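So the structure is just underneath, and the comments pick up after that.
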Amino acid sequence: MHYLSSKEELLNLPFMDGDLDLEKRVEDLLDRLTLDEKIKLSAGRWDACSVPAIKRLGIKSFKMTDGSHGVGGIGLIGTRFRKNTYFSVPICRAATWNPDSVQEYGRAVAEEVRSHGFHMNLAPGINIIRSPLGGRNFEYFSEDPYHNKVMAVAQVKGVQSQRIAACVKHFVCNNQDTNRFRVNAIVSERALQEIYLPAFEAAVREANAWSIMACYNKVNGFHGCENKDLLRKRLMKEWGFHGFVVSDWFATKNPTNTEGCLDAGLTLEMPIPIKYRRRRIKRAIKEGFVSEETFNDNVKRLLRVMFLVGMFDDGSKLPQGCRNTPEHQALAREIAEEGIVLLKNEDHLLPLDITTLKTIAVLGPNANKKHSFGGGSSCVRALYEITPLQGLKDKCRGKAEIIKDPAVADVAIIFAGLRHKLHQDSEFSDRRSLALPKKQVELINKTVNRNPRTIIVLINGGPVTMEWLENVPAVVEAWYPGMEGGHAIANVLFGDANPSGKLPVTFPKELSSSPAHVSKRTFPGRENVYYDEGIFVGYRHFDAQGIEPLFPFGFGLSYTTFDITNLQVSKKQMRAGEVVTVSVDVQNTGKVTGAEVVQLYIQDVKASIERPPKELKGFSKIKLAPHETKTVTFKIGERGLSFYDERDRCWQVEKGAFNVLIGNSSRDIMVQEEIEFVG
Ligand code: GLC
Numbered sequence: 113m114h115y116l117s118s119k120e121e122l123l124n125l126p127f128m129d130g131d132l133d134l135e136k137r138v139e140d141l142l143d144r145l146t147l148d149e150k151i152k153l154s155a156g157r158w159d160a161c162s163v164p165a166i167k168r169l170g171i172k173s174f175k176m177t178d179g180s181h182g183v184g185g186i187g188l189i190g191t192r193f194r195k196n197t198y199f200s201v202p203i204c205r206a207a208t209w210n211p212d213s214v215q216e217y218g219r220a221v222a223e224e225v226r227s228h229g230f231h232m233n234l235a236p237g238i239n240i241i242r243s244p245l246g247g248r249n250f251e252y253f254s255e256d257p258y259h260n261k262v263m264a265v266a267q268v269k270g271v272q273s274q275r276i277a278a279c280v281k282h283f284v285c286n287n288q289d290t291n292r293f294r295v296n297a298i299v300s301e302r303a304l305q306e307i308y309l310p311a312f313e314a315a316v317r318e319a320n321a322w323s324i325m326a327c328y329n330k331v332n333g334f335h336g337c338e339n340k341d342l343l344r345k346r347l348m349k350e351w352g353f354h355g356f357v358v359s360d361w362f363a364t365k366n367p368t369n370t371e372g373c374l375d376a377g378l379t380l381e382m383p384i385p386i387k388y389r390r391r392r393i394k395r396a397i398k399e400g401f402v403s404e405e406t407f408n409d410n411v412k413r414l415l416r417v418m419f420l421v422g423m424f425d426d427g428s429k430l431p432q433g434c435r436n437t438p439e440h441q442a443l444a445r446e447i448a449e450e451g452i453v454l455l456k457n458e459d460h461l462l463p464l465d466i467t468t469l470k471t472i473a474v475l476g477p478n479a480n481k482k483h484s485f486g487g488g489s490s491c492v493r494a495l496y497e498i499t500p501l502q503g504l505k506d507k508c509r510g511k512a513e514i515i516k517d518p519a520v521a522d523v524a525i526i527f528a529g530l531r532h533k534l535h536q537d538s539e540f541s542d543r544r545s546l547a548l549p550k551k552q553v554e555l556i557n558k559t560v561n562r563n564p565r566t567i568i569v570l571i572n573g574g575p576v577t578m579e580w581l582e583n584v585p586a587v588v589e590a591w592y593p594g595m596e597g598g599h600a601i602a603n604v605l606f607g608d609a610n611p612s613g614k615l616p617v618t619f620p621k622e623l624s625s626s627p628a629h630v631s632k633r634t635f636p637g638r639e640n641v642y643y644d645e646g647i648f649v650g651y652r653h654f655d656a657q658g659i660e661p662l663f664p665f666g667f668g669l670s671y672t673t674f675d676i677t678n679l680q681v682s683k684k685q686m687r688a689g690e691v692v693t694v695s696v697d698v699q700n701t702g703k704v705t706g707a708e709v710v711q712l713y714i715q716d717v718k719a720s721i722e723r724p725p726k727e728l729k730g731f732s733k734i735k736l737a738p739h740e741t742k743t744v745t746f747k748i749g750e751r752g753l754s755f756y757d758e759r760d761r762c763w764q765v766e767k768g769a770f771n772v773l774i775g776n777s778s779r780d781i782m783v784q785e786e787i788e789f790v791g
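In structure tokens, the structure reads:
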């Protein structure tokens, strides 16, 4: 091992030359590392958020931090005590159906990570919302693979635009927190290909994700950290992933052995060495269980990302980063406003008119509750948090009075929902019920009897049942809207922001109608959890079984109305390799400006195997002034019509008729047209 005598000497080494090809820099640095130094770079250290530095070669400590809606505030010591911007949770961002907003979030959170001097954000979490009981559903995007992948790609692009690594997690089928360290997800190849892998694949192929986090659970028998089929074969060989795989925290406790993880392609074990202790790696190589070449490939992947995030470049040339800025706080409010979903609005009770309203009764456990510092590893130590009550006070100051008694108020608003605690919306557990807590249901029923003009605003992270729905004229799903949530909610309630959110997940009428809940075997399972529903996740199941949901996937109201007409297709017959262009006209037929999410679904009219009645293959959000009309265009290629054929282990599209269905929710199809795939 050669000790470098001076900084001068270090700066003259090839890997320090910013003009040199990336791979040459990686190779040069790798060649200079001793085996002990490579082993040091293979596991985290005491602070649970970084990789040790190798001072001899000027390798600084690579640092990473949670979370999914702002820089994380626990566990990872580096950022634990510093304040950050608390954005709306991922399911709220997903409800915007606006990839531009999600990309903007990615850029902003990366600026905050950079401001801490860190290099990676342990997000986005893109596990499919398979069960409405999932404790971490608030941290994920969607039940639909296409919607999920559009959100994932947007966020990864935003984060990495600031030369901060995104770390897409948890690869894969970490769809429950019950028994997450041990549970073995038994999932078919077709369900993997059509439902659970697409967003991860797109994050790699379309957004060039620099890191992937291996999950705790097993997938078809092997833990995420030693699952060679997932890591070395699919992720690296088939998708061309050049970044590095990091374990979830302590996820290597259960996998069988060191060589299994090394051989599978796990580069970095966090937060501390368990399988990747020096003695274990040395023995695995010495006894030929794993080749030094394989080990070098793993190490190279981390070195490559260290170069990509600029650790060897002149700091003045890197994005500077910032946090807790007015711009980030404004963005937090805008995304929250855009992700809020108007579920019911009888007799146009909303928006409220601040000029005529005299008194508002504000009730409910979430009226003045703060949620930022909760939910597990994704929690944020927010600089401040505007509660719904505070938001209403700011809005009504000097205009309307906020009181407690609904019987004498012009309107009553109940802020109901859940919170970040075990068996509600939190990591480490799943929910035990879809219902709101009993006391809240009693409060809702009592209040609506005392004042029929009662509005329910839900602050929560996923579907809830609503046996009280028919008695209530207005319901708003506000998710966990972040530090500016109170202002965002007030702006929506008073019409300063016209709601345009759409549900990224089906709200079932009861749990038993959910595809993952036909038996204990399918959720949460015991040693094994059986994904018996296959590809029929979410609305695919509700449609196939003809089950009426409480609110369907893609649903959301506005303070205006829209018309979707004049569906045109560029050709009625599509040959292999061709693309069909589909267009529709969208008109704002109401009185206020608003945004609509035009959704395109495909239906294979007659297939040799079971296919869902419709599958989302395109969506576009469009803002329109009153009476304005715009044309929205989609392109459908062969893959958009295909299903995954397990027998031939490839994507297939069969000749025959397909319906192109376009609407503003999965259950509100307004126009459709048949095309034929002629092969
Ligand atoms: C956790 C989570 C993961 C998080 C990591 C670091 O257990 O599963 O999402 O990024 O540990 O806190």
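Residue numbers (the numbering used here): 113 to 791. All residues carry an ideal CB built from backbone N, CA and C; glycine is no exception. Treat the numbers as computed from the prediction; the structure is a model and nothing was measured.
request  = Give the secondary structure of A479 by DSSP, where H, G and I count as helix, E and B as strand, and everything else as coil.
outcome  = Collapsing the DSSP output to three states places A479 in coil.
message = Rounded to the nearest angstrom, what separates I787 and V772 at their Cα positions?
response = 7 Å
inquiry  = Between G372 and the ligand GLC, is there a pair consisting of the residue's CB and a ligand heavy atom that are separated by less than 8 Å?
reply    = no
query = What is the rounded straight-line gap between the Cα of V744 and the Cα of T290?
reply = The C-alpha of V744 lies about 43 Å from the C-alpha of T290.
ask   = What are the start and end residues of the alpha helix (DSSP H) that includes D375?
value = Counting along the chain, the alpha helix (DSSP H) containing D375 begins and ends at 370-376.
message = Can you tell me whether W361 sits near the ligand GLC, meaning its C-beta is under 8 Å from at least one heavy atom of the ligand?
response = Short note on W361: C-beta closer than 8 Å to some heavy atom of the ligand GLC.
query = M325: beta carbon under 8 Å from a heavy atom of the ligand SAH?
reply = Looking at this structure, you won't find the ligand SAH anywhere; what it does contain is the ligand GLC.
task = Just list the beta strand (DSSP E) runs in the region 584-623, keeping only unbroken ones of 3 residues or longer that don't cross its boundaries, in chain order.
result = 586-589
key: Beta-carbon proximity of E301 to K261, cut-off 9 Å   = no
message = Less than 9 Å between the beta carbons of R294 and N239, yes or no?
response = no
inquiry  = Measuring CB atoms only, is the region 579-597 touching the region 550-561, in the sense that at least three cross pairs come out at less than 8 Å?
reply    = Taking a contact to require three or more Cβ pairs closer than 8 Å, the region 579-597 and the region 550-561 qualify as touching.
request  = Just mark E539 as buried or exposed, buried being the case when its beta carbon has 16 or more other beta carbons within 10 Å.
outcome  = buried
task = Could you please give me the residues that DSSP links to T471 through a beta bridge?
result = E513
First through last residue of the beta strand (DSSP E) which encompasses V692 = 692-700
message = Using a Cβ distance threshold of 8 Å, determine whether the region 261-279 contacts the region 666-680, with at least three qualifying pairs required.
response = no
ask   = Sorry if obvious, but does the Cβ on D757 come closer than 8 Å to a heavy atom of the ligand GLC?
value = no
request  = To the nearest angstrom, report how far apart A86 and S720 are at their CA atoms.
outcome  = A question about residue 86 goes unanswered here, because the residues of the chain that appear run from 113 up to 791.
inquiry  = Please return the same chain residues whose Cβ sits closer than 8 Å to the Cβ of H259, not counting the five positions on each side in sequence.
reply    = A206, W209, F253, P616, L728, F731
query = Is there at least one non-hydrogen atom of the ligand GLC closer than 8 Å to the beta-carbon of M232?
reply = False, no ligand heavy atom lies under 8 Å from that Cβ.
query = Looking at Y217 and the ligand GLC, is the gap between the Cβ and the nearest heavy atom below 8 Å?
reply = no
request  = Starting from the Cα of E224, find the closest Cα among A314, G433, G597, A311 and give me that residue.
outcome  = G433
query = If you compare alpha carbons, which of K429, A376, G791, V630 is closest to G62?
reply = Only positions 113 to 791 of the chain appear in this structure, which leaves residue 62 out of reach.
task = Could you pull out every residue in the same chain whose Cβ sits closer than 6 Å to the Cβ of A311, ignoring the five residues on either side in sequence?
result = I238, N260, K261, A264
ask   = Are the CB atoms of G598 and T499 nearer to each other than 9 Å?
value = yes
Proximal residues to F353 (C-beta, below 8 Å), its chain only, five neighbours per side dropped = V316, A321, I324, L347
ask   = Y115: buried (16+ other C-beta within 10 angstroms of its C-beta) or exposed?
value = exposed
ask   = Does the ligand GLC have even one heavy atom less than 8 Å from the beta-carbon of S489?
value = yes
ask   = Hey, V523 and R565: beta-carbon distance below 9 Å or not?
value = yes
message = Please report the straight-line C-alpha distance between N332 and T634, rounded to a whole angstrom.
response = Between N332 and T634, the C-alpha separation is close to 14 Å.
ask   = Touching or not, the region 143-160 and the region 379-390, by the rule of three or more beta carbon pairs under 8 Å?
value = yes
key: Residue of Q502, I659, R638 minimising C-alpha distance to F527   = Q502
key: DSSP state of H282 mapped onto helix, strand, coil   = strand
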